[in-house]
Amino acid sequence: MTNANVATERLSVDGIGISFGGVKAVDGVSFTAHDGQVLSIIGPNGAGKTTLFNLVSGVYQPKTGRVTLSGAQVTALAPNRLAERGMSRTFQNLQVFFRMTARENVMVGRHLKEKRGLLAHLFALPSTGRQNRESAAIADGLLARVGLTDYADTLASNMPYGALKRLEIARALAAEPQVLLLDEPAAGCNPVETEEIEKLVRRIADEGVAVVLVEHDMKLVMRISDRILVLDQGRQLAEGTGEEIRRNPKVIEAYLGTHGTREANLALD
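This note's numbering applies: residue 43 is where the sequence shown begins, and numbers increase by one.
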């Protein structure tokens, strides 16, 4: 795992917050993500994890705070603008095109990197075919990267669930992100599929991408994370290494109450 003292700070979130109906869903949360590291965001149900992701990725506009990406202030930029600047994300629920093949799904994620114009597409100019071939080749490379080569020509509707979760990651990688936000990538996966996701996420980080992860599988989080941020009721409860978080009494209380130390240790170990 990479040392945060030498890794480049890629994403900075400072005091971000939002309220819905007078209730503070996220309240003054701050964190940084570094190249080559995995930062996991955990917390009990309703802690504000996905809302935080939506604020950072431009789905929601924060009422307070700021987001900085690669040194530039990007607070409240639309998701497509953030993607152009190097941020990609996946979602809790599958967001794939089931009537497209795996290759076509990944090619969709490549569109921001394509140089062809509207006229070239409308008139089927040679540059369009050339670009399509290049995008297909890149998509095949990404499918290989996530272990889905055998599914390249398979409709997404015919792929197993665990493969679809990796397909979403491949599509997010197609935009060549410097920051990758993964919202529960292992949710609903069996142990074998979870292990495949874990190895893939760690490999992506080791290749230099700053990965920010929301995940409920605490065993996966503890194995994969360089740093962990804990939320509770929209607020930042703790941040640290896996060992620091595992033994933090505030974290144990937030998950299972003051009498749940043994159970919390089992969940967090």
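Glycine included, C-beta positions come from ideal geometry on N, C-alpha and C.
Length of the line joining the Cα atoms of residue 150 and residue 227: The alpha-carbon separation between residue 150 and residue 227 amounts to approximately 19 angstroms.
Helix, strand or coil at residue 258 according to DSSP, with G and I counted as helix: Coil at residue 258, not helix or strand.
Where residue 119 falls: helix, strand or coil (DSSP): Residue 119: coil per DSSP, three-state reduction.
Contact set for residue 139: own chain, Cβ-Cβ below 8 angstroms, skip 5 residues either direction: The beta carbon of residue 139 sits closer than 8 angstroms to those of 146, 147, 150 and 198, all from its chain and outside the five residues before and after it, given in chain order.
C-alpha distance - residue 54 paired with residue 230, whole-angstrom precision: Roughly 30 angstroms separates the two Cα atoms.
Bridge partner(s) assigned by DSSP for residue 66: Bridge partners of residue 66: 61.
Bridge-paired residues (DSSP) for residue 130: DSSP, once it has assigned bridges, lists 222 as partnering residue 130.
Simplified DSSP assignment, three categories, for residue 75: The three-state secondary structure of residue 75, taken from DSSP, is strand.
Own chain partners of residue 178 with C-beta closer than 7 angstroms, once the 5 adjacent residues on each side are dropped: Leaving aside the five residues that flank residue 178 on each side, the residues in its chain whose CB is nearer than 7 angstroms to its CB run, in chain order, 145 and 149.
Distance, residue 97 Cα to residue 110 Cα: Straight through space, the alpha carbons of residue 97 and residue 110 are spaced by roughly 12 angstroms.
Option nearest residue 279 by Cα separation, candidates 294, 268 and 193: The shortest Cα separation from residue 279 among 294, 268 and 193 belongs to 294.
CA-to-CA distance, residue 289 to residue 152, given in whole angstroms: So the alpha carbons of these two residues sit roughly 42 angstroms apart.
Touching by the beta-carbon criterion (3+ pairs, under 8 angstroms), the segment 216-225 and the segment 87-103: A contact is defined here as three or more CB-CB pairs under 8 angstroms, and the segment 216-225 meets this definition with respect to the segment 87-103.
Alpha carbon of residue 160 to alpha carbon of residue 211, nearest angstrom: For residue 160, the pLDDT reaches just 40, beneath the cut-off of 50, and the residue's location in the model is therefore unreliable, leaving the point undetermined.
Whole-angstrom distance between residue 124 and residue 282, CA atom to CA atom: Residue 282 and residue 124: Cα-Cα distance of roughly 27 angstroms.
Span separating the alpha-carbon of residue 238 from that of residue 82: The C-alpha of residue 238 lies about 17 angstroms from the C-alpha of residue 82.
Pair within 9 angstroms by beta-carbon distance, residue 108 and residue 75: Going by C-beta atoms, residue 108 is not nearer than 9 angstroms to residue 75.
Contact set for residue 191: own chain, Cβ-Cβ below 7 angstroms, skip 5 residues either direction: Result list for residue 191: 185, in chain order.
Inter-residue spacing [alpha-carbon to alpha-carbon] between residue 56 and residue 187: Each residue's Cα considered, the two are about 33 angstroms apart.
Sequence-distant residues of its chain with Cβ nearer than 8 angstroms to residue 114 (five each side left out): Apart from the 5 residues on each side of it in sequence, residue 114 sits with its Cβ closer than 8 angstroms to the Cβ of 127 in its chain, given in chain order.
Separation of residue 143 from residue 196, as counted between CA atoms: For residue 196 and residue 143, the distance between alpha carbons rounds to 5 angstroms.
Beta-ladder partner(s) of residue 145, from DSSP: DSSP lists no partner for residue 145.
Alpha-carbon spacing of residue 256 relative to residue 119, whole angstroms: If I take the Cα positions, the gap works out to 21 angstroms.
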